[in-house]
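First comes the structure, then the notes that go with it.
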Amino acid sequence: MAGLYSCDMVAHRSFALVLGGGGVTGVAWETGIIAGLAAAGVDLTRADLVVGTSAGAVVAAQITSGVPVEELYQRQLKPATGEIGAHFGVGTMLRYAVAGLRPGDDRQALRRMGHAARTAATVPEQTRRDVIAGRLPNHDWPAAPRVLITAVDTETGEEVGFDRDSGVDLVSAVAASCAVPIVWPTVTINGRRFMDGGVRSAANAHLARGYDRVVVLAPTTTSLRRSGRVGAELAALGPAVRSVVVTPDAEAKTAIGRNVLDPARRAPAAETGRRQSTTVLEAVTAVLT
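Just so you know, the sequence shown maps onto residues -8 to 280 in the working numbering.
Here's what the structure looks like:
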């Protein structure tokens, strides 16, 4: 079924784009960044590998769909139809902390989170899947670049990666990656139940191993466990790797607000992402040239 790839197979390639999680506002902010950079002549969609986690899974599927990036950006400015609002509050964060901070290794922490995800009261799985399907312009995996969508098996705590060769349809893969524990339902694939890939890592930048240039767009860099922090993952790629991490600046954080699952914040998040692209243009260009 799903599996993570061997870096030996991709060592000859050069550029990996890593798109992290961050709710509906994260989708909007990342889209704004990508559209702004594209307008300035820096096309992130030419990556050899696109890793998508949670919100980043949506963006990965969107920017490789064949729809122009500018059109995707304009869609973020329109009213959010078909979305379901939710609140990512203190209570949810406390439950995450309990799962992540109790003694045990990373896999044990993820299994605890998986149990919480499976037993939570949420909207029906199909209802949520329909929302994800509505976000994607194309429901087929792209032939190129390689898109790798992350998720976590709720029972084993194992990280999995879905791609065009995994035998899993794109909508299911993205829905699994976006299945925020306790907030959204787990996603059933081949009899297994999966949750948000962001519970292991905000961006899963470690999956860019084997590429010598890495651009990370990370609406958040926090993680349940230290091993999943973006900085640590990039450092583990080795000193020869050129990388840059773009995170929301102060203005973008204000536009995003406190609830990353609020569809009403999409437009301001997208707009500030586009504005911020001008301030990160030089750093991104330096990595890619």
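Just so you know, even glycine gets a beta-carbon here, dropped at the ideal spot from N, CA and C.
Bear in mind the structure is a predicted one, so any value in this text is a computation, not a measurement.
query                                                                                                                                                                     : result
Can you list, in chain order, the residues of its chain with a C-beta nearer than 7 Å to that of Thr213? Leave out the 5 residues immediately preceding and following it. : Ala193
Should Gln67 and Thr22 be called a contact, given that it needs their Cβ atoms to be closer than 8 Å?                                                                     : yes
Strictly by DSSP, which residues pair up with Ile180?                                                                                                                     : Arg183
Could you tell me which of Arg98, Thr280 and Thr16 sits nearest to Asn250, measuring between CA atoms?                                                                    : Thr16
Once you ignore the five residues that flank Ala71 on each side, which residues in its own chain have a CB closer than 6 Å to its CB?                                     : Pro254 and Arg257
Taking Cβ positions, are Arg119 and Ala166 nearer each other than 8 Å?                                                                                                    : yes
Shorter than 8 Å from the beta carbon of Pro210 to some beta carbon of chain D?                                                                                           : Among the chains of the structure shown, chain D does not appear; only one protein chain is present.
Residues in the same chain with beta-carbon distance under 8 Å from Ala170, minus the five sequence neighbours each way, listed in chain order, please.                   : Ala108, Arg119, Ala142, Pro176, Thr177, Val178, Phe185, Met186 and Asp187
Measuring alpha carbon to alpha carbon, tell me which of Ala38, Gly189, Val174 and Val237 ends up nearest Val275.                                                         : Val237
What residue range does the alpha helix (DSSP H) around Arg120 cover?                                                                                                     : Glu116 to Arg126
Are Thr279 and Leu198 closer than 8 Å when you measure CB to CB?                                                                                                          : Before going further, note that residue 279 is Leu rather than Thr in the sequence given. Not closer than 8 Å, so no.
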